[in-house]
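Protein chains: 2
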Amino acid sequence: MATSGEEVRNMQVILKDYVAGFPKESDMHVKTGSIKLKLAEDESSDNAVLVKNLYLSCDPYMRGRMTNSPVDDPDFSPFTPGSPIVGHGVAEVVDSRNPGFKKGDLVWGRKMGWEEYSLIKEPEKLFKIHSTDVPLSYYTGILGMPGMTAYFGFYQVCSPKKGERVYISAASGAVGQLVGQFAKLMGCYVVGSAGSKEKLCNFYATLLLYLLFDWRDLIERFNLEHVSWLDFDSAFMVYKVELLKSKFGFDDAFNYKEEHDLVAALKRYFPEGIDIYFENVGGKMLDAVLLNMRFHGRIAACGMISQYNLQQPEGIQNITTVVFKRIRLEGFIIFDYFDQYPKFLDFVLPYIREGKIVYVEDINEGLEHGPSALIGLFSGRNVGKQVVKVTNE
Amino acid sequence: MATSGEEVRNMQVILKDYVAGFPKESDMHVKTGSIKLKLAEDESSDNAVLVKNLYLSCDPYMRGRMTNSPVDDPDFSPFTPGSPIVGHGVAEVVDSRNPGFKKGDLVWGRKMGWEEYSLIKEPEKLFKIHSTDVPLSYYTGILGMPGMTAYFGFYQVCSPKKGERVYISAASGAVGQLVGQFAKLMGCYVVGSAGSKEKLCNFYATLLLYLLFDWRDLIERFNLEHVSWLDFDSAFMVYKVELLKSKFGFDDAFNYKEEHDLVAALKRYFPEGIDIYFENVGGKMLDAVLLNMRFHGRIAACGMISQYNLQQPEGIQNITTVVFKRIRLEGFIIFDYFDQYPKFLDFVLPYIREGKIVYVEDINEGLEHGPSALIGLFSGRNVGKQVVKVTNE
Chain A
10 MATSGEEVRN
20 MQVILKDYVA
30 GFPKESDMHV
40 KTGSIKLKLA
50 EDESSDNAVL
60 VKNLYLSCDP
70 YMRGRMTNSP
80 VDDPDFSPFT
90 PGSPIVGHGV
100 AEVVDSRNPG
110 FKKGDLVWGR
120 KMGWEEYSLI
130 KEPEKLFKIH
140 STDVPLSYYT
150 GILGMPGMTA
160 YFGFYQVCSP
170 KKGERVYISA
180 ASGAVGQLVG
190 QFAKLMGCYV
200 VGSAGSKEKL
210 CNFYATLLLY
220 LLFDWRDLIE
230 RFNLEHVSWL
240 DFDSAFMVYK
250 VELLKSKFGF
260 DDAFNYKEEH
270 DLVAALKRYF
280 PEGIDIYFEN
290 VGGKMLDAVL
300 LNMRFHGRIA
310 ACGMISQYNL
320 QQPEGIQNIT
330 TVVFKRIRLE
340 GFIIFDYFDQ
350 YPKFLDFVLP
360 YIREGKIVYV
370 EDINEGLEHG
380 PSALIGLFSG
390 RNVGKQVVKV
400 TNE
Chain B
10 MATSGEEVRN
20 MQVILKDYVA
30 GFPKESDMHV
40 KTGSIKLKLA
50 EDESSDNAVL
60 VKNLYLSCDP
70 YMRGRMTNSP
80 VDDPDFSPFT
90 PGSPIVGHGV
100 AEVVDSRNPG
110 FKKGDLVWGR
120 KMGWEEYSLI
130 KEPEKLFKIH
140 STDVPLSYYT
150 GILGMPGMTA
160 YFGFYQVCSP
170 KKGERVYISA
180 ASGAVGQLVG
190 QFAKLMGCYV
200 VGSAGSKEKL
210 CNFYATLLLY
220 LLFDWRDLIE
230 RFNLEHVSWL
240 DFDSAFMVYK
250 VELLKSKFGF
260 DDAFNYKEEH
270 DLVAALKRYF
280 PEGIDIYFEN
290 VGGKMLDAVL
300 LNMRFHGRIA
310 ACGMISQYNL
320 QQPEGIQNIT
330 TVVFKRIRLE
340 GFIIFDYFDQ
350 YPKFLDFVLP
360 YIREGKIVYV
370 EDINEGLEHG
380 PSALIGLFSG
390 RNVGKQVVKV
400 TNE
């Protein structure tokens with residue numbers, strides 16, 4: 010790291026302009042500027058913290074902030090075109106004029122710019138990292154917002170009971186993989202689905218597969234003999250779905266893109282219906298689930314990623330079933346639960362250390378690959394929590 | 010009444026066949042048969058009760074039972090074509106082989122056939138009427154299912170707090186008028202809407218208006234000078250809407266059929282948004298409400314009457330707002346709360362006796378007018394709880 014006060018390079022991922030429809034890598038550009046690694050010693054920096062970003066988190070909610078629709082909620086306010094996008098991340102404090110933080114502290118929070126160094130003027134909801142015997146990147150995932158989302162979403166919003174039937178969409182993602190494991194810990198029957206919206210057979214996807222996995226091992230473990238060596242799309246999806254069972258202990262799993270009739274698919278996996286649906290997808294998936302819910306079922310609406318890039322959302326046809334099936338559909342935003350973070354940490358850290366809960370991450374190295382990593386979320390290209398490691402040096 | 014054992018006339022309202030789309034009077038016909046006013050003294054009548062029906066209740070949920078879609082819930086099982094339709098009602102016990110009931114008991118329940126006399130083989134959820142200092146017809150409304158629906162729906166499902174902003178659709182109906190009064194008792198700000206789907210200017214509607222109201226008094230009280238003497242449609246709607254304020258004490262009220270932009274209309278009545286929506290309508294109304302809900306708002310889904318006659322339900326476009334607004338949308342069916350009936354009665358009877366809660370009924374006299382009364386529900390022809398008085402003799 011450069012000496013304090015010295016000007017150093019500060020690579021940034023800039024949002025060019027507000028986005029309509031499906032975001033593209035070209036909606037952002039990578040710019041190289043510079044920054045002084047010392048805070049100004051005047052009022053302008055009172056309470057501020059200067060951090061070196063280590064890991065940046067790719068989260069579906071960030072899509073909303075790429076649109077210029079004013080919202081009352083500062084957590085969802087639009088990004089500023091011409092400036093770096095902002096999100097959750099893990100960082101090291103480089104300089105601090107805030108009594109709560111000092112140089113060298115490791116922190117995670119939700120105000121990290123997508124850049125090498127960020128000035129955080131109001132470090133609210135910036136958490137100090139005390140446990141470093143787990144990967145630091147976990148604080149963008151299982152030990153950060155997605156972990157809390159899974160924990161409070163499942164245990165508080167879903168009101169689960171032992172033996173209940175739990176369905177999770179986007180189940181191999183940052184949140185879904187944990188909800189499934191929490192549900193298994195509680196003695197529930199758990200089925201997850203995953204899918205991919207676009208053809209993955211491109212250079213990067215192929216490379217990713219070779220880099221991430223021992224191919225021959227995969228072939229053996231998941232009976233991939235029927236998959237052509239060159240059909241990476243299929244192999245990738247088989248892998249992604251099998252992971253839910255083999256790695257996270259789900260009772261069953263399926264690729265929803267292979268099901269032309271989602272209602273029938275869910276009926277097959279839940280012949281007696283679904284008690285709890287952890288909703289990450291929305292649209293047609295929600296409609297199919299509504300027809301398969303049991304009486305007094307609960308739907309925790311964590312997100313509806315399938316709708317975020319649509320100019321006109323898909324209409325939900327089967328909403329009247331909430332009445333006669335007495336369904337509770339409840340939206341929640343994890344930012345409301347941040348004051349309970351220590352309680353969550355006490356719960357989850359022992360499970361990680363004992364290996365009773367596992368966490369899969371999809372880490373792209375280098376800030377310059379940030380835009381592609383973020384965009385990949387919306388086509389289901391990631392396996393597990395999508396993270397950008399800011400530097401691969 | 011005829012002597013025990015004697016055969017007497019038993020007029021019945023028969024469902025001709027299952028109904029698709031909007032139900033019509035001609036989907037039913039009135040048939041005159043006969044019945045013996047004494048139960049058979051063999052096993053076939055063990056536990057049975059024979060009743061003379063006094064009041065029959067017209068309820069929106071009955072539309073669902075006119076369709077041949079198998080449901081798991083016996084409360085919503087399809088009617089049998091060729092047999093009388095079945096619903097809630099108030100009756101007098103004529104003969105009983107059930108230890109819980111004796112001749113002369115007044116009862117209300119949900120298994121009354123639309124006929125002069127009904128044989129109830131399994132009188133479960135048949136309640137004895139003890140308080141007769143209030144109109145007996147009230148046991149189809151404020152003291153029966155609609156009353157409990159309003160009470161448990163509002164106090165339990167909506168989790169209301171003093172000062173919250175409450176919106177009620179179908180507010181002049183059997184349930185809505187009570188929810189509004191409960192909300193006012195709690196110190197909420199209450200707005201209701203009412204509407205009518207079809208032209209009401211027909212002979213019966215006109216007659217109804219003349220019969221029900223003192224026309225000159227109406228003109229004065231509701232400033233109807235601008236309404237043409239012959240424009241009964243407009244006058245009727247003005248009356249229906251004004252009733253919400255003048256009779257039930259709502260803070261404001263509007264005719265939703267006059268609003269071409271429901272989103273804007275709700276914004277006008279709730280500039281700071283809606284905390285609680287008591288949902289009776291569904292469809293476009295629900296979509297408009299979702300855009301006007303406040304953070305952490307609650308929607309108690311009591312019914313969605315606008316959707317019951319559609320072959321293909323309207324899609325709900327704005328469901329994603331439940332996520333970022335942290336909205337709880339919860340369906341409920343009052344049949345689940347019947348064991349708490351005595352608690353409800355203890356609450357509501359004193360309010361009725363003290364005149365602190367009022368109840369408006371729309372009573373059609375004569376079973377032969379039953380089909381028209383029931384159909385009128387779906388076009389908003391009723392003002393208040395729609396009841397059929399079985400005999401006008």
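So the protein lines, in turn, are chains A and B.
402 is the number that the working numbering gives the last residue of the first sequence; the numbers go up by one with no jumps.
402 is the number that the working numbering gives the last residue of the second sequence; the numbers go up by one with no jumps.
Heads up, the beta-carbon is just placed ideally off N, CA and C, and yes, glycines get one too.
For the ligand NAD, is there any heavy atom lying closer than 7 Å to the beta carbon of residue i?
i, result
"I372(A)", "Annotation note on the ligand NAD: not contained in the displayed structure, which lists no ligands."
Taking DSSP as the reference, what is the three-state secondary structure of residue i?
i, result
"V199(A)", "strand"
"V331(A)", "helix"
"H378(B)", "helix"
"L135(B)", "coil"
"T149(B)", "helix"
"R390(A)", "coil"
"R408(B)", "Residue coverage of chain B in this structure runs from 10 to 402, which leaves residue 408(B) outside it and unanswerable."
"I44(A)", "strand"
"S66(A)", "strand"
"L319(A)", "coil"
"Y126(B)", "strand"
"N107(B)", "coil"
"Y27(B)", "coil"
"Y176(A)", "strand"
"Y286(B)", "strand"
"P155(B)", "helix"
"D51(B)", "coil"
Should residue i be flagged as near chain B, meaning a C-beta pair shorter than 8 Å?
i, result
"Q326(A)", "yes"
"M157(A)", "no"
"D82(A)", "yes"
Anything in chain B within Cβ reach of residue i, meaning under 8 Å, just list it in chain order.
i, result
"K334(A)", "G340"
Is residue i close to chain A, meaning its C-beta is less than 8 Å from at least one C-beta of that chain?
i, result
"Q316(B)", "yes"
"E329(B)", "Reading the sequence as shown, one finds Thr at residue 329(B) and not Glu. True, the Cβ-Cβ gap to chain A drops below 8 Å."
"F212(B)", "Model confidence at F212(B) stands at a pLDDT of 43, short of 50, so the residue's coordinates are unreliable; what they give is reported in the following sentence. So no, F212(B) is outside the interface."
Check whether chain C comes within 8 Å of residue i, counting only Cβ atoms and requiring the distance to be less than that.
i, result
"G312(A)", "The chain labelled as chain C is not found among the protein chains of the depicted structure, namely A and B."
Can you name the residues of chain A whose CB is closer than 7 Å to the CB of residue i?
i, result
"R337(B)", "R337 and E339"
Note down, in chain order, every chain A residue with its Cβ under 8 Å from the Cβ of residue i.
i, result
"R322(B)", "Before going further, note that residue 322(B) is Pro rather than Arg in the sequence given. Going along chain A in sequence order, the residues near P322(B) (Cβ under 8 Å) are Q326, N327, I328 and T329."
Drop a sphere of 10 angstroms on the beta-carbon of residue i, count the other beta-carbons inside from all chains shown, and report buried for 16 or more, exposed for fewer.
i, result
"L194(A)", "exposed"
"T41(A)", "exposed"
"A29(A)", "exposed"
"E281(A)", "exposed"
"Q316(A)", "buried"
"S181(B)", "buried"
"A159(A)", "buried"
"S105(A)", "buried"
"R362(B)", "exposed"
"N77(B)", "exposed"
"P108(A)", "exposed"
"Q349(B)", "exposed"
"T149(B)", "buried"
"T400(A)", "exposed"
"Q320(A)", "exposed"
"A146(B)", "Note that residue 146(B) is Ser in the sequence shown here, rather than Ala. The residue is buried, with at least 16 neighbouring Cβ atoms inside 10 Å."
By the 8 Å beta-carbon criterion, what residues does the stretch 85 to 107 of chain A contribute toward chain B? Only F85 from the stretch 85 to 107 of chain A bring a Cβ to less than 8 Å from some Cβ of chain B.
With 8 Å as the limit, tell me which residues of the stretch 283 to 296 of chain B have their beta carbon closer than that to any beta carbon of chain A; keep them in chain order. Answer set for the stretch 283 to 296 of chain B: G291 and L295.
Against chain A: residues of the stretch 343 to 371 of chain B by CB proximity under 8 Å: Going along the stretch 343 to 371 of chain B in chain order, one finds D345 with a Cβ nearer than 8 Å to chain A.
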